[in-house]
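Below you'll find the structure, written out as C-alpha coordinates, and then a few comments.
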Amino acid sequence: MTQVGEGQEAEETAPPVLTFGAPTAGEILAERYELVEHINNDSAGRLVWRGVDVVLRRPVAVVLRYPGGDSATEMLQAAVAASRVIHPNLVGVYDAIDEADRAYVVREWVDGQSLRDLVTAHGPLDPARATAIGNAVASALAAVHATGMVHGNVHPGTVMISDDGRVVLADARTDGADSQENDIRAVGGVLYFALTGHWPHGEAPLHGATAGHGRAAIPDAVRDAGGAIAAPRQVRAGVPAYLDDLTMDLLDPEIAPPSSDVLAAELGRLDIPADEHFLDQAGPLRFTADAEEEPSPLAVAGGRKMALGIAGLLAVALVGLLIGISALGGDDKDPKTESMARPSSSAPADQPTQPAAAVRKLAVKDVRIIDPDSKSRDELSDAEKVIDGSEDEGWETDTYTTAKFGNFKRGMGVWIDLGAEHTVKSVQAVLSASGATAHLYTGTTDPDSSSSGDKKLYTQYVTTNNRIEEFARSEGSTLTFSNGFDPDKKYRYLLFWLTELPQKDSGGGYKIGVQEITVQGS
1 MTQVGEGQEA EETAPPVLTF GAPTAGEILA ERYELVEHIN NDSAGRLVWR
51 GVDVVLRRPV AVVLRYPGGD SATEMLQAAV AASRVIHPNL VGVYDAIDEA
101 DRAYVVREWV DGQSLRDLVT AHGPLDPARA TAIGNAVASA LAAVHATGMV
151 HGNVHPGTVM ISDDGRVVLA DARTDGADSQ ENDIRAVGGV LYFALTGHWP
201 HGEAPLHGAT AGHGRAAIPD AVRDAGGAIA APRQVRAGVP AYLDDLTMDL
251 LDPEIAPPSS DVLAAELGRL DIPADEHFLD QAGPLRFTAD AEEEPSPLAV
301 AGGRKMALGI AGLLAVALVG LLIGISALGG DDKDPKTESM ARPSSSAPAD
351 QPTQPAAAVR KLAVKDVRII DPDSKSRDEL SDAEKVIDGS EDEGWETDTY
401 TTAKFGNFKR GMGVWIDLGA EHTVKSVQAV LSASGATAHL YTGTTDPDSS
451 SSGDKKLYTQ YVTTNNRIEE FARSEGSTLT FSNGFDPDKK YRYLLFWLTE
501 LPQKDSGGGY KIGVQEITVQ GS
(Lines of atoms letter the chains of each structure in order from A and count residues from 1; the text may use other names and numbers.)
(Lines give C-alpha, C1' and ligand atoms only; values in the text may rest on other atoms or scores of the structure.)
Protein backbone atom coordinates (compact mmCIF):
# COMPACT_ATOMS: atom_id res chain seq x y z
CA MET A 1 0.00 0.00 0.00
CA THR A 2 1.23 3.48 -0.84
CA GLN A 3 0.19 5.92 1.85
CA VAL A 4 -1.17 9.35 1.06
CA GLY A 5 0.90 11.78 -0.89
CA GLU A 6 4.06 9.84 -1.50
CA GLY A 7 3.64 7.51 -4.49
CA GLN A 8 7.35 6.84 -4.79
CA GLU A 9 9.24 4.25 -6.72
CA ALA A 10 9.65 0.87 -5.07
CA GLU A 11 13.40 1.15 -4.84
CA GLU A 12 12.98 4.23 -2.64
CA THR A 13 11.06 2.36 0.04
CA ALA A 14 14.10 0.85 1.79
CA PRO A 15 15.03 2.72 4.98
CA PRO A 16 18.28 4.70 4.88
CA VAL A 17 21.38 3.61 6.75
CA LEU A 18 20.68 3.93 10.49
CA THR A 19 22.01 7.18 11.90
CA PHE A 20 21.29 9.32 14.92
CA GLY A 21 17.66 10.35 14.73
CA ALA A 22 16.60 7.42 12.55
CA PRO A 23 13.30 5.85 13.66
CA THR A 24 12.81 2.24 14.68
CA ALA A 25 9.70 0.07 14.83
CA GLY A 26 8.09 0.13 18.26
CA GLU A 27 9.52 3.56 19.14
CA ILE A 28 7.05 6.02 20.66
CA LEU A 29 7.41 9.64 19.55
CA ALA A 30 6.35 12.52 21.81
CA GLU A 31 5.15 9.94 24.34
CA ARG A 32 2.17 9.32 22.09
CA TYR A 33 2.81 8.08 18.54
CA GLU A 34 4.07 4.51 18.24
CA LEU A 35 5.88 3.64 15.00
CA VAL A 36 4.59 0.34 13.60
CA GLU A 37 5.77 -0.11 10.02
CA HIS A 38 7.92 1.78 7.51
CA ILE A 39 5.80 2.26 4.37
CA ASN A 40 7.96 4.18 1.90
CA ASN A 41 10.20 7.20 1.37
CA ASP A 42 9.55 10.24 -0.79
CA SER A 43 11.89 11.98 -3.19
CA ALA A 44 12.61 14.68 -0.61
CA GLY A 45 14.13 12.10 1.72
CA ARG A 46 11.20 11.92 4.14
CA LEU A 47 10.20 8.60 5.69
CA VAL A 48 6.55 7.58 5.84
CA TRP A 49 5.57 5.27 8.69
CA ARG A 50 2.33 3.71 9.72
CA GLY A 51 1.81 4.41 13.39
CA VAL A 52 -0.70 4.37 16.23
CA ASP A 53 -1.79 7.21 18.47
CA VAL A 54 -1.58 5.36 21.78
CA VAL A 55 -3.77 7.95 23.53
CA LEU A 56 -6.72 7.92 21.13
CA ARG A 57 -5.97 4.38 19.82
CA ARG A 58 -6.26 5.31 16.17
CA PRO A 59 -3.95 4.66 13.22
CA VAL A 60 -1.87 7.58 11.99
CA ALA A 61 0.68 8.29 9.29
CA VAL A 62 3.99 9.73 10.51
CA VAL A 63 6.10 11.63 7.95
CA LEU A 64 9.59 11.95 9.41
CA ARG A 65 12.90 13.43 8.36
CA TYR A 66 16.24 13.75 10.08
CA PRO A 67 17.90 15.92 10.97
CA GLY A 68 15.19 18.42 11.94
CA GLY A 69 15.90 22.10 12.55
CA ASP A 70 16.31 24.36 9.54
CA SER A 71 16.11 21.48 7.06
CA ALA A 72 12.59 20.66 8.24
CA THR A 73 11.23 24.21 8.32
CA GLU A 74 9.31 24.00 5.04
CA MET A 75 7.78 20.64 5.94
CA LEU A 76 6.61 21.85 9.35
CA GLN A 77 5.31 25.18 8.05
CA ALA A 78 3.31 23.41 5.34
CA ALA A 79 1.87 21.01 7.93
CA VAL A 80 0.84 23.81 10.29
CA ALA A 81 -0.80 25.67 7.40
CA ALA A 82 -2.62 22.50 6.27
CA SER A 83 -3.86 21.81 9.80
CA ARG A 84 -5.84 25.06 9.73
CA VAL A 85 -8.09 23.88 6.91
CA ILE A 86 -10.67 21.23 7.77
CA HIS A 87 -12.37 19.63 4.76
CA PRO A 88 -13.60 16.09 3.97
CA ASN A 89 -11.38 15.99 0.87
CA LEU A 90 -8.21 17.02 2.70
CA VAL A 91 -6.09 14.66 4.78
CA GLY A 92 -6.24 15.74 8.42
CA VAL A 93 -3.00 16.94 10.01
CA TYR A 94 -2.80 16.16 13.74
CA ASP A 95 0.65 17.26 14.91
CA ALA A 96 3.96 18.78 13.78
CA ILE A 97 7.03 18.42 16.00
CA ASP A 98 10.69 19.44 15.66
CA GLU A 99 13.14 17.63 17.96
CA ALA A 100 16.29 19.10 16.38
CA ASP A 101 17.82 15.72 15.50
CA ARG A 102 14.61 14.90 13.65
CA ALA A 103 11.21 16.40 12.82
CA TYR A 104 7.93 14.73 12.00
CA VAL A 105 4.35 15.42 10.96
CA VAL A 106 1.50 13.23 12.22
CA ARG A 107 -1.54 13.04 10.01
CA GLU A 108 -4.59 10.98 9.18
CA TRP A 109 -4.02 7.43 8.01
CA VAL A 110 -6.04 6.57 4.91
CA ASP A 111 -6.50 2.95 3.87
CA GLY A 112 -6.41 3.00 0.09
CA GLN A 113 -4.13 3.89 -2.79
CA SER A 114 -3.06 6.92 -4.75
CA LEU A 115 -4.67 7.86 -8.05
CA ARG A 116 -1.31 7.16 -9.67
CA ASP A 117 -1.25 3.57 -8.40
CA LEU A 118 -4.94 3.02 -9.18
CA VAL A 119 -4.66 4.07 -12.83
CA THR A 120 -1.29 2.38 -13.30
CA ALA A 121 -2.73 -0.91 -12.05
CA HIS A 122 -6.19 -0.82 -13.65
CA GLY A 123 -6.00 1.64 -16.54
CA PRO A 124 -7.82 4.94 -17.19
CA LEU A 125 -11.03 5.65 -15.31
CA ASP A 126 -14.48 6.07 -16.77
CA PRO A 127 -15.54 9.71 -17.24
CA ALA A 128 -17.96 9.68 -14.31
CA ARG A 129 -15.32 8.52 -11.83
CA ALA A 130 -12.71 10.89 -13.24
CA THR A 131 -15.19 13.76 -12.85
CA ALA A 132 -15.93 12.78 -9.25
CA ILE A 133 -12.21 12.74 -8.42
CA GLY A 134 -11.65 16.08 -10.13
CA ASN A 135 -14.59 17.52 -8.20
CA ALA A 136 -13.17 16.31 -4.88
CA VAL A 137 -9.73 17.77 -5.62
CA ALA A 138 -11.18 21.11 -6.75
CA SER A 139 -13.39 21.24 -3.64
CA ALA A 140 -10.36 20.64 -1.42
CA LEU A 141 -8.44 23.41 -3.20
CA ALA A 142 -11.39 25.78 -2.85
CA ALA A 143 -11.21 25.30 0.93
CA VAL A 144 -7.44 25.89 0.91
CA HIS A 145 -7.65 28.93 -1.35
CA ALA A 146 -10.45 30.47 0.73
CA THR A 147 -7.87 30.93 3.50
CA GLY A 148 -5.42 32.64 1.13
CA MET A 149 -3.09 29.64 1.12
CA VAL A 150 -1.77 27.47 -1.71
CA HIS A 151 -1.40 23.66 -1.83
CA GLY A 152 1.46 23.58 -4.32
CA ASN A 153 1.72 19.83 -4.81
CA VAL A 154 -1.31 18.51 -6.69
CA HIS A 155 -0.58 15.47 -8.84
CA PRO A 156 -1.66 11.80 -9.09
CA GLY A 157 0.63 10.80 -6.21
CA THR A 158 -1.01 13.19 -3.75
CA VAL A 159 -4.60 12.31 -4.67
CA MET A 160 -5.67 9.38 -2.50
CA ILE A 161 -8.71 7.14 -3.00
CA SER A 162 -9.63 5.34 0.20
CA ASP A 163 -11.07 1.84 0.29
CA ASP A 164 -14.50 3.30 1.09
CA GLY A 165 -14.39 5.62 -1.95
CA ARG A 166 -13.40 8.87 -0.24
CA VAL A 167 -11.05 11.08 -2.28
CA VAL A 168 -8.53 13.13 -0.32
CA LEU A 169 -5.70 15.48 -1.22
CA ALA A 170 -2.52 15.39 0.84
CA ASP A 171 1.09 16.50 1.15
CA ALA A 172 0.90 20.28 0.76
CA ARG A 173 4.40 21.51 -0.01
CA THR A 174 4.18 25.25 -0.53
CA ASP A 175 6.89 27.80 -1.11
CA GLY A 176 7.11 31.32 -2.51
CA ALA A 177 6.88 30.20 -6.13
CA ASP A 178 3.56 28.41 -5.74
CA SER A 179 0.30 30.01 -6.84
CA GLN A 180 -3.40 29.26 -6.75
CA GLU A 181 -3.41 29.27 -10.55
CA ASN A 182 -0.86 26.44 -10.57
CA ASP A 183 -3.10 24.50 -8.21
CA ILE A 184 -6.10 24.94 -10.51
CA ARG A 185 -4.16 23.97 -13.64
CA ALA A 186 -2.97 20.90 -11.76
CA VAL A 187 -6.60 19.75 -11.58
CA GLY A 188 -6.49 19.65 -15.38
CA GLY A 189 -3.44 17.40 -15.14
CA VAL A 190 -5.21 15.11 -12.69
CA LEU A 191 -8.28 14.91 -14.97
CA TYR A 192 -6.07 14.21 -18.01
CA PHE A 193 -4.23 11.45 -16.18
CA ALA A 194 -7.44 9.88 -14.85
CA LEU A 195 -8.99 9.86 -18.34
CA THR A 196 -5.96 8.73 -20.32
CA GLY A 197 -3.34 7.22 -18.00
CA HIS A 198 -0.83 9.78 -19.36
CA TRP A 199 0.79 12.73 -17.63
CA PRO A 200 0.43 15.93 -19.69
CA HIS A 201 3.48 17.75 -18.30
CA GLY A 202 6.27 15.58 -19.72
CA GLU A 203 9.63 16.07 -18.07
CA ALA A 204 8.55 19.44 -16.66
CA PRO A 205 5.93 18.47 -14.06
CA LEU A 206 3.90 20.99 -12.15
CA HIS A 207 5.81 23.13 -9.72
CA GLY A 208 6.25 21.34 -6.42
CA ALA A 209 6.68 17.87 -7.95
CA THR A 210 10.19 16.93 -8.97
CA ALA A 211 10.70 14.73 -12.00
CA GLY A 212 9.49 11.31 -11.04
CA HIS A 213 7.88 12.43 -7.79
CA GLY A 214 4.48 10.82 -7.51
CA ARG A 215 4.50 9.81 -11.17
CA ALA A 216 6.74 6.76 -11.44
CA ALA A 217 5.90 4.65 -14.52
CA ILE A 218 3.48 7.30 -15.83
CA PRO A 219 3.94 7.70 -19.59
CA ASP A 220 4.09 11.14 -21.14
CA ALA A 221 1.09 12.39 -23.10
CA VAL A 222 0.83 11.64 -26.82
CA ARG A 223 2.12 14.67 -28.73
CA ASP A 224 2.08 15.94 -32.29
CA ALA A 225 5.13 17.07 -34.26
CA GLY A 226 4.98 20.49 -32.62
CA GLY A 227 4.92 19.03 -29.10
CA ALA A 228 1.23 19.78 -28.42
CA ILE A 229 -0.52 17.13 -26.37
CA ALA A 230 -3.39 15.09 -27.78
CA ALA A 231 -6.82 15.72 -26.27
CA PRO A 232 -8.30 12.93 -24.12
CA ARG A 233 -10.87 12.15 -26.85
CA GLN A 234 -7.99 11.54 -29.25
CA VAL A 235 -6.38 9.09 -26.84
CA ARG A 236 -9.43 6.99 -25.96
CA ALA A 237 -13.04 6.72 -27.05
CA GLY A 238 -16.00 7.62 -24.88
CA VAL A 239 -14.71 10.82 -23.28
CA PRO A 240 -17.53 13.41 -23.33
CA ALA A 241 -16.73 16.47 -25.44
CA TYR A 242 -17.50 18.87 -22.60
CA LEU A 243 -15.17 17.09 -20.16
CA ASP A 244 -12.53 16.94 -22.89
CA ASP A 245 -12.85 20.71 -23.49
CA LEU A 246 -12.73 21.54 -19.78
CA THR A 247 -9.60 19.44 -19.26
CA MET A 248 -7.78 20.97 -22.21
CA ASP A 249 -8.79 24.51 -21.20
CA LEU A 250 -7.28 23.99 -17.76
CA LEU A 251 -4.02 22.85 -19.39
CA ASP A 252 -3.89 25.71 -21.91
CA PRO A 253 -1.62 28.52 -20.63
CA GLU A 254 -3.32 30.93 -23.04
CA ILE A 255 -6.69 30.55 -21.28
CA ALA A 256 -7.19 32.11 -17.87
CA PRO A 257 -8.49 29.39 -15.50
CA PRO A 258 -11.55 29.89 -13.28
CA SER A 259 -11.22 30.18 -9.52
CA SER A 260 -11.13 26.91 -7.60
CA ASP A 261 -14.62 27.39 -6.14
CA VAL A 262 -16.11 28.00 -9.61
CA LEU A 263 -14.29 24.95 -10.96
CA ALA A 264 -15.54 22.84 -8.05
CA ALA A 265 -19.10 24.01 -8.68
CA GLU A 266 -18.86 23.15 -12.38
CA LEU A 267 -17.38 19.70 -11.75
CA GLY A 268 -19.96 19.15 -9.03
CA ARG A 269 -22.72 19.87 -11.54
CA LEU A 270 -21.28 17.19 -13.80
CA ASP A 271 -20.64 14.69 -10.99
CA ILE A 272 -23.60 12.36 -11.54
CA PRO A 273 -23.82 8.55 -11.14
CA ALA A 274 -22.49 6.53 -14.05
CA ASP A 275 -25.83 4.83 -14.67
CA GLU A 276 -27.49 8.22 -15.29
CA HIS A 277 -25.20 9.40 -18.09
CA PHE A 278 -27.56 8.43 -20.87
CA LEU A 279 -30.89 9.09 -19.15
CA ASP A 280 -31.11 12.76 -20.04
CA GLN A 281 -29.84 13.98 -23.37
CA ALA A 282 -32.06 17.07 -23.61
CA GLY A 283 -29.19 19.53 -23.44
CA PRO A 284 -25.61 20.24 -22.45
CA LEU A 285 -26.30 20.12 -18.68
CA ARG A 286 -25.67 16.36 -18.88
CA PHE A 287 -22.72 15.03 -20.80
CA THR A 288 -22.78 11.93 -23.01
CA ALA A 289 -20.37 9.92 -25.13
CA ASP A 290 -22.35 10.70 -28.30
CA ALA A 291 -20.03 12.16 -30.92
CA GLU A 292 -22.77 14.59 -31.99
CA GLU A 293 -23.29 16.02 -28.48
CA GLU A 294 -23.71 19.73 -27.87
CA PRO A 295 -20.68 21.79 -26.82
CA SER A 296 -19.79 22.62 -23.24
CA PRO A 297 -21.55 25.60 -21.65
CA LEU A 298 -18.11 26.91 -20.70
CA ALA A 299 -17.00 26.69 -24.34
CA VAL A 300 -20.06 28.10 -26.14
CA ALA A 301 -18.30 31.38 -26.86
CA GLY A 302 -15.02 31.28 -28.73
CA GLY A 303 -14.44 27.57 -29.32
CA ARG A 304 -12.92 26.07 -26.16
CA LYS A 305 -12.41 29.43 -24.44
CA MET A 306 -13.51 29.55 -20.80
CA ALA A 307 -16.80 31.41 -20.45
CA LEU A 308 -16.87 34.02 -17.72
CA GLY A 309 -20.46 33.49 -16.70
CA ILE A 310 -21.35 30.23 -15.02
CA ALA A 311 -23.65 32.39 -12.90
CA GLY A 312 -25.15 33.80 -16.10
CA LEU A 313 -25.78 30.32 -17.45
CA LEU A 314 -27.51 29.33 -14.26
CA ALA A 315 -29.63 32.47 -14.46
CA VAL A 316 -30.66 31.62 -18.03
CA ALA A 317 -31.49 28.07 -16.96
CA LEU A 318 -33.59 29.40 -14.08
CA VAL A 319 -35.53 31.75 -16.36
CA GLY A 320 -36.16 28.88 -18.76
CA LEU A 321 -37.34 26.70 -15.91
CA LEU A 322 -39.77 29.35 -14.66
CA ILE A 323 -41.15 29.93 -18.16
CA GLY A 324 -41.57 26.18 -18.61
CA ILE A 325 -43.42 25.82 -15.33
CA SER A 326 -45.69 28.74 -16.25
CA ALA A 327 -46.43 27.16 -19.63
CA LEU A 328 -47.32 23.83 -18.02
CA GLY A 329 -50.07 25.66 -16.11
CA GLY A 330 -52.19 25.78 -19.28
CA ASP A 331 -53.25 28.49 -21.69
CA ASP A 332 -56.45 29.18 -19.75
CA LYS A 333 -54.57 30.62 -16.81
CA ASP A 334 -54.08 34.33 -16.42
CA PRO A 335 -50.31 34.85 -16.24
CA LYS A 336 -50.84 37.94 -14.11
CA THR A 337 -52.57 36.00 -11.36
CA GLU A 338 -51.04 32.53 -11.67
CA SER A 339 -47.94 31.83 -9.58
CA MET A 340 -44.96 31.19 -11.81
CA ALA A 341 -43.55 28.35 -9.69
CA ARG A 342 -44.97 25.98 -7.15
CA PRO A 343 -42.95 24.04 -4.59
CA SER A 344 -42.37 20.47 -5.71
CA SER A 345 -43.41 17.67 -3.38
CA SER A 346 -44.04 13.96 -3.52
CA ALA A 347 -46.99 14.46 -1.16
CA PRO A 348 -50.58 14.64 -2.53
CA ALA A 349 -51.64 18.02 -3.87
CA ASP A 350 -54.08 18.62 -1.02
CA GLN A 351 -51.32 18.28 1.58
CA PRO A 352 -49.15 21.37 2.18
CA THR A 353 -45.40 21.06 1.76
CA GLN A 354 -43.63 21.02 5.11
CA PRO A 355 -41.10 23.86 5.30
CA ALA A 356 -37.56 23.10 6.44
CA ALA A 357 -36.98 23.80 10.12
CA ALA A 358 -35.28 27.14 10.67
CA VAL A 359 -31.73 27.11 11.98
CA ARG A 360 -31.50 28.79 15.37
CA LYS A 361 -29.43 28.96 18.50
CA LEU A 362 -30.23 25.88 20.58
CA ALA A 363 -30.82 26.13 24.31
CA VAL A 364 -28.41 24.24 26.58
CA LYS A 365 -29.91 22.34 29.52
CA ASP A 366 -26.65 21.45 31.31
CA VAL A 367 -22.94 22.17 30.97
CA ARG A 368 -20.06 20.56 32.82
CA ILE A 369 -16.24 20.70 32.89
CA ILE A 370 -14.73 17.27 32.26
CA ASP A 371 -11.31 16.53 33.82
CA PRO A 372 -10.85 12.73 34.00
CA ASP A 373 -7.14 12.75 34.95
CA SER A 374 -7.05 15.23 37.85
CA LYS A 375 -7.72 14.63 41.54
CA SER A 376 -8.15 18.35 42.06
CA ARG A 377 -11.51 20.00 41.43
CA ASP A 378 -10.08 23.52 41.16
CA GLU A 379 -10.73 23.83 37.43
CA LEU A 380 -14.35 22.63 37.47
CA SER A 381 -16.06 25.92 38.35
CA ASP A 382 -17.51 28.57 36.04
CA ALA A 383 -18.85 26.08 33.49
CA GLU A 384 -22.08 28.10 33.21
CA LYS A 385 -20.12 31.09 31.91
CA VAL A 386 -19.51 29.37 28.55
CA ILE A 387 -23.25 29.50 27.75
CA ASP A 388 -24.27 32.80 29.38
CA GLY A 389 -24.39 34.72 26.08
CA SER A 390 -21.41 36.92 26.95
CA GLU A 391 -17.86 36.60 25.66
CA ASP A 392 -16.50 38.84 28.42
CA GLU A 393 -16.30 36.00 30.94
CA GLY A 394 -15.78 32.29 30.59
CA TRP A 395 -14.16 29.18 32.00
CA GLU A 396 -10.38 28.87 31.91
CA THR A 397 -7.76 26.23 32.64
CA ASP A 398 -4.96 26.55 35.14
CA THR A 399 -1.52 27.52 33.90
CA TYR A 400 0.63 24.53 32.85
CA THR A 401 4.33 24.17 32.16
CA THR A 402 3.82 22.57 28.75
CA ALA A 403 1.24 22.85 25.99
CA LYS A 404 -0.06 19.34 26.72
CA PHE A 405 -1.29 20.05 30.25
CA GLY A 406 2.12 19.54 31.81
CA ASN A 407 2.24 16.06 30.21
CA PHE A 408 0.09 14.53 32.93
CA LYS A 409 -3.38 15.05 31.46
CA ARG A 410 -4.93 13.67 28.33
CA GLY A 411 -6.95 16.86 28.04
CA MET A 412 -9.93 18.72 29.47
CA GLY A 413 -13.28 19.59 28.00
CA VAL A 414 -16.71 21.17 28.20
CA TRP A 415 -19.63 18.72 28.12
CA ILE A 416 -22.98 20.04 26.87
CA ASP A 417 -26.47 18.60 27.22
CA LEU A 418 -29.03 20.10 24.82
CA GLY A 419 -31.88 18.60 26.84
CA ALA A 420 -33.33 16.77 23.83
CA GLU A 421 -32.19 15.47 20.48
CA HIS A 422 -31.74 18.10 17.77
CA THR A 423 -30.44 18.40 14.24
CA VAL A 424 -27.15 20.24 14.75
CA LYS A 425 -25.72 22.46 12.02
CA SER A 426 -22.68 23.92 13.78
CA VAL A 427 -20.93 24.45 17.10
CA GLN A 428 -18.89 27.62 17.63
CA ALA A 429 -16.38 28.04 20.44
CA VAL A 430 -14.91 31.46 21.23
CA LEU A 431 -11.52 31.13 22.97
CA SER A 432 -9.42 33.66 24.81
CA ALA A 433 -6.44 33.14 22.47
CA SER A 434 -5.40 31.40 19.27
CA GLY A 435 -3.20 28.34 19.05
CA ALA A 436 -5.22 25.71 20.92
CA THR A 437 -5.83 22.18 19.64
CA ALA A 438 -9.46 21.18 20.10
CA HIS A 439 -11.80 18.39 19.03
CA LEU A 440 -15.57 18.00 19.08
CA TYR A 441 -17.22 14.71 20.06
CA THR A 442 -20.80 13.50 20.29
CA GLY A 443 -22.22 10.95 22.68
CA THR A 444 -25.38 9.20 23.78
CA THR A 445 -25.02 9.03 27.58
CA ASP A 446 -25.09 11.32 30.61
CA PRO A 447 -22.70 9.94 33.24
CA ASP A 448 -22.84 11.40 36.73
CA SER A 449 -20.66 14.35 37.65
CA SER A 450 -18.23 12.42 39.87
CA SER A 451 -14.64 11.78 38.87
CA SER A 452 -15.50 8.21 37.87
CA GLY A 453 -18.29 9.62 35.73
CA ASP A 454 -15.81 11.86 33.98
CA LYS A 455 -13.61 8.90 33.21
CA LYS A 456 -16.58 6.95 31.91
CA LEU A 457 -17.56 9.84 29.66
CA TYR A 458 -13.99 10.16 28.39
CA THR A 459 -13.97 6.45 27.54
CA GLN A 460 -17.35 6.55 25.80
CA TYR A 461 -16.80 9.77 23.89
CA VAL A 462 -13.12 10.41 23.22
CA THR A 463 -11.81 6.88 22.77
CA THR A 464 -14.60 5.83 20.42
CA ASN A 465 -15.25 6.97 16.87
CA ASN A 466 -17.52 9.90 17.74
CA ARG A 467 -15.34 12.79 16.62
CA ILE A 468 -16.98 15.42 14.46
CA GLU A 469 -13.97 17.55 13.53
CA GLU A 470 -10.49 18.53 14.67
CA PHE A 471 -8.74 21.89 14.72
CA ALA A 472 -4.98 21.93 15.23
CA ARG A 473 -3.33 25.19 16.31
CA SER A 474 -6.04 27.34 14.80
CA GLU A 475 -4.99 30.77 13.58
CA GLY A 476 -7.98 32.59 15.10
CA SER A 477 -9.61 32.35 18.48
CA THR A 478 -13.03 31.29 17.13
CA LEU A 479 -13.46 27.65 16.14
CA THR A 480 -16.49 26.56 14.14
CA PHE A 481 -17.33 22.87 13.82
CA SER A 482 -19.77 22.22 10.98
CA ASN A 483 -18.56 19.70 8.38
CA GLY A 484 -19.01 16.50 10.36
CA PHE A 485 -22.67 16.66 11.40
CA ASP A 486 -25.05 14.23 9.67
CA PRO A 487 -28.19 16.16 8.57
CA ASP A 488 -30.24 12.96 8.99
CA LYS A 489 -29.03 12.35 12.53
CA LYS A 490 -29.99 14.05 15.78
CA TYR A 491 -27.67 14.88 18.68
CA ARG A 492 -28.12 15.69 22.35
CA TYR A 493 -24.71 15.43 24.05
CA LEU A 494 -21.56 17.22 22.84
CA LEU A 495 -18.02 17.35 24.20
CA PHE A 496 -15.63 20.20 23.30
CA TRP A 497 -12.27 18.57 24.09
CA LEU A 498 -8.94 20.46 24.45
CA THR A 499 -5.70 18.54 24.00
CA GLU A 500 -3.11 21.30 23.60
CA LEU A 501 -2.86 24.79 25.08
CA PRO A 502 -1.33 27.97 23.61
CA GLN A 503 1.43 29.83 25.41
CA LYS A 504 0.34 32.92 27.29
CA ASP A 505 1.26 36.23 25.66
CA SER A 506 3.38 37.12 28.65
CA GLY A 507 5.16 33.77 28.56
CA GLY A 508 5.59 31.72 31.68
CA GLY A 509 3.15 28.94 30.93
CA TYR A 510 0.27 27.63 28.88
CA LYS A 511 -3.47 28.13 29.38
CA ILE A 512 -6.71 28.88 27.55
CA GLY A 513 -10.13 30.30 28.34
CA VAL A 514 -13.39 29.17 26.73
CA GLN A 515 -15.46 32.35 26.62
CA GLU A 516 -18.61 31.11 24.91
CA ILE A 517 -19.96 28.01 23.14
CA THR A 518 -22.94 28.35 20.80
CA VAL A 519 -24.85 25.47 19.17
CA GLN A 520 -26.86 26.16 16.01
CA GLY A 521 -29.49 23.74 14.76
CA SER A 522 -33.18 22.94 14.65
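Anchor point for the sequence shown: position 62 equals 62 in the UniProt record's numbering, and the numbering is continuous, going up by one each time.
All C-beta atoms, glycine included, are put in the ideal place defined by N, C-alpha and C.
Computed from a predicted structure; not experimentally measured.
Quick one: give me the first and last residue of the beta strand (DSSP E) that residue i is part of.
i	result
Asp95	Val93 to Asp98
Tyr33	Tyr33 to Asn41
residue 609	Past the boundaries of the shown model lies residue 609; the chain is included only from 1 to 522, so the question cannot be answered.
Tyr441	Thr437 to Gly443
Tyr491	Tyr491 to Glu500
Gly51	Leu47 to Asp53
Glu516	Gly513 to Gly521
Phe481	Thr478 to Phe481
Asp366	Asp366 to Ile370
Leu56	Premise fails: Leu56 is in no beta strand (DSSP E) and is neither H nor E.
Leu169	Val167 to Leu169
Run the CB neighbour count on residue i, radius 10 Å, all protein chains shown included, and call it buried at 16 or more, exposed below.
i	result
Ser381	exposed
Glu516	buried
Asp117	buried
Ile28	exposed
Lys365	exposed
Phe408	exposed
Glu108	buried
Pro59	exposed
Ala100	exposed
Ser390	exposed
His122	exposed
Ser179	exposed
Gly507	exposed
Gly227	exposed
In this structure, does DSSP put residue i in helix, strand or coil?
i	result
Ala103	strand
Val359	coil
Glu254	coil
Ala130	helix
Glu384	helix
Pro232	helix
Ile416	strand
Tyr458	helix
Tyr242	helix
Ile184	helix
Tyr400	strand
Asp249	helix
His422	strand
His207	Here His207 scores only 34 on pLDDT, less than 50, and its place in the model should not be relied on; the value that follows carries that caveat. In the structure shown, His207 sits in coil (DSSP, three-state: anything other than H, G, I, E or B).
Leu141	helix
Val110	coil
Ile429	What sits at residue 429 in the sequence shown is Ala, not Ile. Ala429: strand per DSSP, three-state reduction.
Asp446	coil
Tyr66	coil
Leu90	strand
Leu125	coil
Closest to residue i by C-alpha separation, out of the options, would be which residue?
i	options	result
Ser488	Val462, Gly521, Thr499 and Phe481	Just to set this straight, residue 488 is Asp in the shown sequence, not Ser. That would be Gly521, whose Cα lies nearest to the Cα of Asp488.
Thr518	Thr445, Ile387 and Val414	Ile387
Thr399	Arg467, Asp505 and Ser426	Asp505
Leu362	Lys385, Val424 and Glu396	Val424
Asp183	Arg166, Pro156, Gly51 and Val414	Pro156
His151	Ala130, Ala177, Val430 and Thr131	Ala177
Asn483	Arg368, Gly226, Asp53 and Ser426	Ser426
Arg46	Pro232, Thr459, Leu56 and Ala72	Ala72
Tyr493	Arg223, Trp415, Thr437 and Thr247	Trp415
Ile369	Glu384, Ala358, Glu31 and Leu246	Glu384
Glu379	Arg360, Val359, Phe405 and Met75	Phe405
Find out if the Cβ-Cβ distance for the pair residue i, residue j is shorter than 8 Å.
i	j	result
Val106	Asp95	yes
Leu115	Ala61	no
Asp249	Ile255	yes
Phe496	Leu418	no
Arg50	Val36	yes
Gly134	Leu251	no
Lys511	Glu396	yes
Pro372	Asp446	no
Pro67	Arg102	yes
Val48	Asn40	yes
Glu222	Val239	Per the sequence shown, the amino acid found at residue 222 is Val instead of Glu. Not closer than 8 Å, so no.
Leu90	Leu169	yes
Ala436	Glu393	no
Gly443	Gln428	no
Ends of the alpha helix (DSSP H) at residue i?
i	result
Ser261	One detail in the question is off: residue 261 reads as Asp in this sequence, not Ser. Residues Ser260 to Leu270.
Leu118	Leu115 to His122
Thr73	Thr73 to Ser83
Counting contacts by CB-CB distance shorter than 8 Å, is residue i in contact with chain D?
i	result
Gly123	Within the model displayed, chain D is absent; a lone protein chain is all it includes.
With hydrogens ignored, establish whether the beta-carbon of residue i is closer than 7 Å to any heavy atom of the ligand GTP.
i	result
Tyr491	For the structure depicted, the ligand GTP is absent and the ligand set is empty, with no information on it obtainable.
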